[in-house]
Amino acid sequence: MSAEFPIVAITGASDHSTTTITQALQHIFYRERIKAAYISGSGFHRYDRKTMRAELLKARKEERNLSHFGPEGNHFDKLESLFFQYAATGRGQFRYYLHSDQFAQEMGLEPGTFSPWQQMDPDNDLLLYRGLHGAVIYEDIDISSYPDLLIGAVPSINLEMMRRIDRDLKQGLSHAEVRQVVLDRMSDYVNYITPQFGRTHINFQIMPMVDTSNPFQFDEVPNLDECYIVIHFQKIAKRFDMPKLLKVIPHAFMTRRDQMVVPGAQMKTAIEIILMPLIQELITESRRIKGITEVMPERGAGILGFKGQLVH
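The opening residue of the sequence shown carries number 271 in this note's numbering; numbering runs sequentially from there.
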């Protein structure tokens, strides 16, 4: 943790949840004139897409685990080094994983490969990480010790499987290959993804209100209007006036003293209302330490380096 150079991490396996949280943070950053250096966790995968497929076949033959969820598929050491360096200096090195054809074309590279490593823009107010491992602990590596605000994007297991199956099929995998990939990921998911949600400050979990019992056979992935959001104020419940929140978040209700439920359509609104004071607190203290008393409008604001993805 670093009061001068704060780190905000969104950790979770659900692309939809992390994207909605990122969009909400983008709105907060614009309002508060905050420049956030964006780091995508996929840039710290160990293998590009082609190499990963070859390594997966090798791992299956050797009966060992390999997935993007676990240590064998990622550079946890490089991610920790980035967090350590940023907390000390406000700078760090990162790269992009080029998921889509459009993103790859913009970078002049092949889809499924990595961009070169590069230094982040030093003119920033905080680091925003979005990925699978913002709170992971592995051997002597403890990523969870660095973020000043840890946000969990918690998946509903079958809904998460549906989304990943849908994505993998669109990437050209067969139904049989998709089933095998799910099996390959399961052990690492249990050991490295789920434990992180016990280390976060707050969790947002999408719960579908439609049948997701067979994620291998479905017509369409449930949308937010077909879901509710469970919000667990895990380590920060005492910092909020829950009755006040219930008045300003439409149709919200409490299920436990530190857990709130909101309709899926209100997810982004709820996130903005809840995270705004937490971000304000981090940035106010950071600017106090740096001696910043005024932020000029022409400096700009928002998420720096959020390429290949659309934020509204």
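For each residue, glycine too, the CB sits at the ideal point set by N, CA and C.
Predicted model, so just to flag it, every value in this text is computed and none were measured.
Annotation: the continuous alpha helix (DSSP H) that includes P513 extends over 512 to 518. When DSSP states are grouped into helix, strand and coil, T288 belongs to the helix group. Straight through space, the alpha carbons of P485 and K348 are spaced by roughly 34 Å.
Here the stretch 533 to 540 makes contact with the stretch 508 to 520; the two share three or more CB pairs at distances below 8 Å. Contact annotation: H471 and K505 have beta-carbon atoms nearer than 7 Å. When secondary structure is reduced to three states using DSSP, F364 falls in the strand class. Note on the stretch 510 to 576: whole alpha helix (DSSP H) runs with a minimum of 4 residues are 512 to 518, 537 to 560, in chain order. The closest CA to that of Y459, considering only M271, G282, R319, is found on G282.
Between V500 and Q466, the C-beta spacing is not below 7 Å. Around the CB of Q441, fewer than 16 other CB atoms lie within 10 Å, so the residue is classed as exposed. The DSSP-derived three-state label of N473 is strand.
At the C-beta level, S351 and R365 stay beyond 7 Å of one another.
The criterion of a C-beta distance shorter than 7 Å is not satisfied by R455 and S312.
Ranking M377, R437, F299 by CA distance to the CA of L545 puts F299 first. The Cβ neighbour count for A273, taken over all protein chains shown within 10 Å, is under 16; the residue is labelled exposed.
Under the 8 Å Cβ criterion, the stretch 415 to 427 counts as touching the stretch 388 to 407, having at least three qualifying pairs. S483 and T464 have their C-alpha atoms some 20 Å from each other. Inclusion of P276 and D418 in the CB contact set at 7 Å is warranted, their separation being smaller than that value.
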